[in-house]
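Student: Protein sequences appear in the order of chains A and B. So in the numbering used here, spot 40 of the first sequence is number 40, and the numbers just go up one at a time. All you need for the numbering used here is the position in the second sequence, starting with 1, plus 203. We put the beta carbon where it would ideally sit given N, CA and C, even for glycine. Sharing a structure here in structure tokens format.
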Amino acid sequence: MKKMLKATINYIIVALLIILAIIISIYMFLGQTIEESIQLINQVAIKIENTSEQGEIKLNAEKNRLENYPEYGTEYATIEIPKIDVSLPVYYGDTLEILKKGVGHSSGSYFPGEGGSIIYMGHNSKKMFRRFSELQIGNEIKVTTDYGEFTYKIYDMQLINENDTEKLPVQDEKEILMVYTCYPFNNIGYTTQRYVVYAELVQ
Amino acid sequence: MKIVKKIIQFLLMLILCSTVILLIFINLANSTIFNKEYILEKLAETNYYEKIDEEITNEFENYILQSGLDESVLQGIVTQEKIEQDTKIIIDNIYEGTKTEISTIEIEENIKNNIRNTMDKELTATQQKTVDQYIEKIEEQYLNVMSHTKYEEKIHNIFIKIQEYLELGKKASIIAIAIISLVLIISNYKEILKAIPQFGSVIFATGIFCTFINIFTNYKININNILILNSAISEALKSILQEILSKLQNVGYISIGVGILVIILGNFINTYIYKKNIEEEQIQRS
Chain A
1 MKKMLKATIN YIIVALLIIL AIIISIYMFL GQTIEESIQL INQVAIKIEN
51 TSEQGEIKLN AEKNRLENYP EYGTEYATIE IPKIDVSLPV YYGDTLEILK
101 KGVGHSSGSY FPGEGGSIIY MGHNSKKMFR RFSELQIGNE IKVTTDYGEF
151 TYKIYDMQLI NENDTEKLPV QDEKEILMVY TCYPFNNIGY TTQRYVVYAE
201 LVQ
Chain B
204 MKIVKKIIQF LLMLILCSTV ILLIFINLAN STIFNKEYIL EKLAETNYYE
254 KIDEEITNEF ENYILQSGLD ESVLQGIVTQ EKIEQDTKII IDNIYEGTKT
304 EISTIEIEEN IKNNIRNTMD KELTATQQKT VDQYIEKIEE QYLNVMSHTK
354 YEEKIHNIFI KIQEYLELGK KASIIAIAII SLVLIISNYK EILKAIPQFG
404 SVIFATGIFC TFINIFTNYK ININNILILN SAISEALKSI LQEILSKLQN
454 VGYISIGVGI LVIILGNFIN TYIYKKNIEE EQIQRS
């Protein structure tokens, strides 16, 4: 019995040595490829659950930058245009999903208070920017965030093509708010033009 | 000499274990990822068609807000049957190499009918032009959601190559297993039955490896949080991967159990024969 037990344990040890040899061989020849593939999969295909708490969004006046940025897809401000009775939530991001809910903030532009170009967009529906054509130079746009209130005054309006990105320049020398919507406003079908309102920070 | 024999037998067992593991993975791949019927079954199981229907409806709704058209214009333009049919076209393109294109004529006709029914008056020439552009966008959105790749032919070619290698690997593995098993038996020369626990060791090692791969994959990749392209594809992919790992786990557990039994049985038989031989020698001496 003892002999049988000893023999059994020996064969199990042999099996474990076989596994060790296989794993070491795989690691030696394919280890890096496997690690890189796993990293790629985790980066591209795995949704990361955000368990960390969002830090308070504050404006660092010295550096002219926010200390914490809103999470993509979250509401962080309200835009008010008294002239056309607009008061809408502003979301960070510009996906079609966001534009269904409110005004989108182009993720390639700056935030209010950072001293650069801020690009907002919204649909030309009745609930949103249908009355954009009534805006005039001098009208005010107010953006209220958790970290401050910012008032802008319209100084220009332009009609551009949907692919005309030069007319929406991103710069960091002066705080300019650019808000655009689809044009024509009462169009039926697909719109290829955009109506852009340019406003500079006054307060 | 005995040590050399043991080393050779260890190497034979190592190679045998490797080829058995290879054969297991080849069979797993052939019965899942490279099996068209299995994929279609999984799509139905994970409610893929309903989820894609929802995705398409959401995409279409995004365009209605800026179009000036009534929401009812998009009612019933795409049915779930069409989605199922078009999905099968894509699957056939990938697995069978067919080059069928998805037709959007039905969608175009349905939208035009709906627009005609909702509009009070005839569209002007300008409006008709923008409506035609709008319909094109809708069709484009449908095709984007249905087929996220324009490379179905390339994927098919890659699949064919992989399947050829898998087939070659399968045949090579079976032949290798047969030859190595024979050599292992012969290497035991006068004590052929000693090969039984050696085979048991190989089966046990295979089981441990399969279990290890299952644990390793689950540890390194959070399969439950897979998100690729859209939720419909993600759910289907998640289900396929979970099933593959589950099958691997089952093979692992069974192999561990069978391996231990074969080792014990082999040792029991060898111990019994050894004792019998000693008794016979003692009888002969006396």
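In the DSSP output, which residue or residues are listed as bridge partners for A:Y120?
Tutor: A:H105 and A:V179
Student: Mapping DSSP to helix, strand and coil, what is A:L66?
Tutor: A:L66 falls in the strand class under three-state DSSP.
Student: State yes or no: is the beta carbon of A:N187 nearer than 8 Å to at least one beta carbon in chain B?
Tutor: yes
Student: Using 8 Å as the threshold, is the C-beta distance between A:I19 and B:A408 below it?
Tutor: yes
Student: State the beta-bridge partners of A:I89 as determined by DSSP.
Tutor: First, the residue type needs correcting, since residue 89 of chain A is Pro and not Ile in the sequence shown. Partner(s): A:T78.
Student: My output table needs one value for B:A398: the three-state DSSP class, helix, strand or coil.
Tutor: helix
Student: CB-CB under 6 Å to A:S87, same chain, minus the five flanking residues each way: which ones, in chain order?
Tutor: E80
Student: Could you tell me whether the Cβ of B:T474 comes closer than 8 Å to any Cβ of chain A?
Tutor: yes
Student: For the alpha helix (DSSP H) holding B:G372, just list the boundary residues, first then last.
Tutor: E355 to S390
Student: For B:N279, which beta-bridge partners are listed by DSSP?
Tutor: Reading the sequence as shown, one finds Gly at residue 279 of chain B and not Asn. Per DSSP, none; premise fails for B:G279.
Student: Which residues does DSSP list as the beta-bridge partners of A:K142?
Tutor: A:E80 and A:T151
Student: Exposed or buried, which one is B:R319 when buried takes at least 16 other CB atoms within 10 Å?
Tutor: exposed
Student: From which residue to which residue does the beta strand (DSSP E) around A:E200 run?
Tutor: Q193 to L201
Student: On the three-state DSSP scale, how would you describe A:N60?
Tutor: strand
Student: By the three-class DSSP mapping on this structure, what secondary structure does A:D94 have?
Tutor: coil
Student: I'd like to know if A:A21 contacts chain B, where contact means its C-beta is closer than 8 Å to some C-beta of that chain.
Tutor: yes
Student: Taking a cut of 8 Å between CB atoms, which residues from the region 85 to 108 of chain A lie near chain E?
Tutor: The structure shown has no chain E; the protein chains it does contain are A and B.
Student: For the pair the region 123 to 136 of chain A and the region 55 to 74 of chain A, tell me if three or more CB-CB distances fall below 8 Å.
Tutor: no
Student: Over what stretch of residues does the alpha helix (DSSP H) that includes A:G31 continue unbroken?
Tutor: K2 to V44
Student: Can you tell me the Cβ-Cβ gap for B:I472 and B:T414, rounded? I've got them flagged as a contact below 8 Å.
Tutor: Not confirmed; about 27 Å, so no contact.
Student: If you drop the 5 nearest sequence neighbours on each side, which residues of the same chain put their C-beta closer than 7 Å to that of B:E491?
Tutor: Outside the displayed range of chain B (204 to 489) lies residue 491 of chain B, so it cannot be described from this structure.
Student: Does any residue of chain B have a CB that is nearer than 8 Å to the CB of A:N42?
Tutor: Cβ-Cβ to chain B under 8 Å: yes for A:N42.
Student: Leaving out the 5 sequence neighbours to the left and right, which residues in its chain are closer than 6 Å to A:K58 when beta-carbon positions are compared?
Tutor: E67 and Y147
Student: Ordered along the chain, which non-local residues of its own chain (more than five positions away) have a Cβ less than 7 Å from that of A:K167?
Tutor: Q158, I160 and V196
Student: Tell me whether A:G104 is buried or exposed, calling it buried when 16 or more other Cβ atoms sit within 10 Å of its Cβ.
Tutor: buried
Student: What does the Cβ neighbour count give for B:L464, buried or exposed, with the cut at 16 atoms within 10 Å?
Tutor: exposed
Student: Taking its Cβ as the centre, do 16 or more other Cβ atoms sit within 10 Å of B:Y354, making it buried, or is it exposed?
Tutor: Exposed: under 16 other Cβ atoms inside 10 Å.
Student: Would you say A:K2 lies against chain B (beta-carbon separation less than 8 Å)?
Tutor: no
Student: What's the gap between the Cα of A:F185 and the Cα of A:H123?
Tutor: 9 Å
Student: List the endpoints of the continuous alpha helix (DSSP H) containing A:Y190.
Tutor: A:Y190 -> no alpha helix (DSSP H), and no H or E assigned at all.
Student: Return the CA-CA distance between B:L217 and A:I13, expressed in angstroms with no decimal places.
Tutor: 13 Å
Student: Does any residue of chain B have a CB that is nearer than 8 Å to the CB of A:T33?
Tutor: Not closer than 8 Å to any Cβ of chain B, the Cβ of A:T33 fails to qualify, so no.
Student: Rounding to the nearest angstrom, what Cα-Cα distance links A:P70 and A:T151 in this structure?
Tutor: 20 Å
Student: Starting from B:I292, follow its DSSP beta bridges and name the residues at the other end.
Tutor: Per DSSP, none; premise fails for B:I292.
Student: Please report the straight-line C-alpha distance between B:L451 and B:L430, rounded to a whole angstrom.
Tutor: 23 Å
Student: Report the partner residues of A:I160 according to the DSSP bridge assignment.
Tutor: A:R194
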